[in-house]
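K.L.:
So in this note's numbering, the last one in the sequence shown is 511, and the numbering has no gaps at all.
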Amino acid sequence: MYRRLIITALFAAACSAPQSSPVSDSAATTASTAASEASADVAAGDRVFEIRTYTTLPGRLDALQARFRDHTMQIFEKHGMTNVGYWVPQDSARKDNTLIYIISHASRAQADKNWEAFDKDPEWQKVAAESEKDGKIIDKIESVYATATDYSPIK
């Protein structure tokens, strides 16, 4: 079931028309700079997708979605991560506590640098603390790195 959900998510991402993300001008400039610095990796075909699944504690999915909607996506872009897509399962067993998303990085090495910078970002630290003032949100995080195949519509 989980594999089918990931495949469906990747297919949906591949079929979607590119859309601009809601990033502020300063974050867009920073993201643009980070993307430029990593362009050599992308040109070499090193782009890597990261498929992440967050399982929340009971009743905390809305708080997680608000955090992503209002803050996290923009902070990702600031640190060179490209937002590809975000989904919640339709299956009743996971629909109330699961967020699945895909981001991309210029390379696997760049992914490590992106996450390190993200974790140290004072804006992120403030957002995380404020969003958890009513209690912890995340129960479990799963992450899978993937490379697009030569026949994939999205690369």
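Glycine residues also receive a C-beta, built at the ideal position from the N, C-alpha and C atoms.
For A329, which three-state DSSP category applies?
P.N.:
With the chain covering only 357 through 511, there is no way to say anything about residue 329.
K.L.:
First and last residue of the alpha helix (DSSP H) that includes F474?
P.N.:
R464 to K476
K.L.:
Taking the Cβ atom as the reference point for each residue, do N470 and H461 lie within a distance shorter than 8 Å?
P.N.:
yes
K.L.:
Name, in chain order, the residues that DSSP records as bridge partners for T454.
P.N.:
DSSP lists T411 as partners of T454.
K.L.:
Please go through the same chain and pick out, in chain order, the residues whose beta-carbon is closer than 7 Å to the beta-carbon of V444, but skip the five residues on each side of it.
P.N.:
K451, T454 and L455
K.L.:
Where does D426 sit, in a helix, a strand or coil, going by DSSP?
P.N.:
helix
K.L.:
Could you give the C-beta distance for A473 and H435, rounded to a whole number, given that I count them as a contact under 8 Å?
P.N.:
5 Å
K.L.:
Which same chain residues, not among the five before or five after S498, have their C-beta less than 6 Å away from its C-beta?
P.N.:
In the sequence under discussion, the amino acid at residue 498 is Glu, which differs from the Ser named in the question. T409, listed in sequence order.
K.L.:
Can D495 and T438 be called in contact, C-beta distance under 8 Å?
P.N.:
In this structure, T438 does not lie closer than 8 Å to D495 by Cβ.
K.L.:
Less than 8 Å separating the beta-carbons of A504 and F432?
P.N.:
no
K.L.:
Which first and last residues belong to the beta strand (DSSP E) in which G441 is found?
P.N.:
Counting along the chain, the beta strand (DSSP E) containing G441 begins and ends at T438 to W443.
K.L.:
Just tell me which of P414, G401, I510 and A419 has its CA closest to the CA of S487.
P.N.:
A419
K.L.:
Considering only the alpha carbon of each residue, which of Y507, D490, Y501 and K511 lies closest to L413?
P.N.:
D490
K.L.:
Please state if the CB of I493 and the CB of R416 are separated by a distance shorter than 8 Å.
P.N.:
yes
K.L.:
Measure the C-alpha to C-alpha separation of Q446 and R403 and round it to an integer number of angstroms.
P.N.:
29 Å
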